[in-house]
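S.K.:
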Amino acid sequence: GDSYDEECDYLFKAVLVGDSAVGKSNLLSRFAKNEFRLDSKPTIGVEFAYRNIKVGDKMIKAQVWDTAGQERFRAITSSYYRGALGALLVYDITRQATFESLKKWLHELREFGSSDMVIVLVGNKVDLEIAREVEKEDGKSLAELEGLCFMETSALENLNVEEAFLQMITKIHEITS
Ligand code: GDP
Ligand code: MG
Numbered sequence: 393g394d395s396y397d398e399e400c401d402y403l404f405k406a407v408l409v410g411d412s413a414v415g416k417s418n419l420l421s422r423f424a425k426n427e428f429r430l431d432s433k434p435t436i437g438v439e440f441a442y443r444n445i446k447v448g449d450k451m452i453k454a455q456v457w458d459t460a461g462q463e464r465f466r467a468i469t470s471s472y473y474r475g476a477l478g479a480l481l482v483y484d485i486t487r488q489a490t491f492e493s494l495k496k497w498l499h500e501l502r503e504f505g506s507s508d509m510v511i512v513l514v515g516n517k518v519d520l521e522i523a524r525e526v527e528k529e530d531g532k533s534l535a536e537l538e539g540l541c542f543m544e545t546s547a548l549e550n551l552n553v554e555e556a557f558l559q560m561i562t563k564i565h566e567i568t569s
């Protein structure tokens, strides 16, 4: 391997889940490459991205899987979840329907994911405050009820994106070390 691999202490797999067009791919491209796309292509054409992150004195390589648009057809397979220690469960604060879908996604995460998977609930697109349909309190309450971390983000404005991923990675590190 390259020197990055040799310097890496842990490799974690994490997955992105949530309805189509909530901003999963843009959250990942922000996190991995600090890029954002304004066009609404259903996929950025990659299945996963890596980023190395230092937590304490350990170097963690986060491998984050993105759906290549299959969520539109509810065709995410169990292999997508296999071995994942963390998940960002994403909804769009301007579309109530994406919040209503969370129960279905949680069910899937719990069916196919590991039992101690770290799940961060992410309400994305807070830059569109004027079009908000899901109150922050509602996201917070659901997270408390289901034992999830919670964060509101904007992939567009690069707000809390790093924090959401870091929260997940730090928690995974706590659990596994
Ligand atoms: P995915 O289907 O969940 O992967 O969603 P995408 O990342 O492809 O984003 C869907 C659409 O929402 C695209 O047009 C993005 O430009 C837009 N989008 C993603 N994140 C944000 C955000 O934080 N704010 C705004 N205003 N638009 C966003
Ligand atoms: Mg996508």
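The working numbering numbers the first residue of the sequence shown as 393 and each following residue consecutively.
We put the beta carbon where it would ideally sit given N, CA and C, even for glycine.
Owing to the predicted nature of the structure, the values given are computational and were not obtained by experimental measurement.
Please find out if some non-hydrogen atom of the ligand GDP comes closer than 7 Å to the beta-carbon of V526.
M.R.: V526: no, Cβ never under 7 Å from the ligand GDP.
S.K.: Can you tell me which of the three DSSP states S470 falls into?
M.R.: Three-state result, S470: helix.
S.K.: How would you label R487, buried or exposed, when you count the other beta carbons within 10 angstroms and need 16 or more for buried?
M.R.: Buried, by the Cβ-count rule.
S.K.: Quick check: is any heavy atom of the ligand MG less than 7 Å from the C-beta of G461?
M.R.: Result yes, Cβ under 7 Å from the ligand MG.
S.K.: With a threshold of 6 Å on Cβ separation, who are the neighbours of D401 within its own chain once the five nearest residues in sequence on each side are excluded?
M.R.: Excluding sequence neighbours, D401 sits near K450 and M451.
S.K.: Is DSSP giving L501 helix, strand or coil here?
M.R.: Residue state, collapsed to three classes: helix.
S.K.: Buried or exposed: where does G437 fall if 16 or more other Cβ atoms within 10 Å of its Cβ makes it buried?
M.R.: With a pLDDT of 45 at G437, under the threshold of 50, the predicted position of this residue should be treated as unreliable, though the coordinate-derived value follows. Per the 10 Å Cβ criterion, exposed.
S.K.: Any idea if G448 is buried or exposed, counting beta-carbon neighbours within 10 angstroms, 16 or more meaning buried?
M.R.: Under this definition G448 is an exposed residue.
S.K.: What separation, rounded to the nearest whole angstrom, lies between the Cα atoms of M560 and V409?
M.R.: The alpha-carbon atoms of M560 and V409 are separated by roughly 14 Å.
S.K.: Given a cut-off of 8 Å, decide if A476 and K405 are closer than it, judged by their beta-carbon atoms.
M.R.: Result yes, Cβ atoms of K405 and A476 sit closer than 8 Å.
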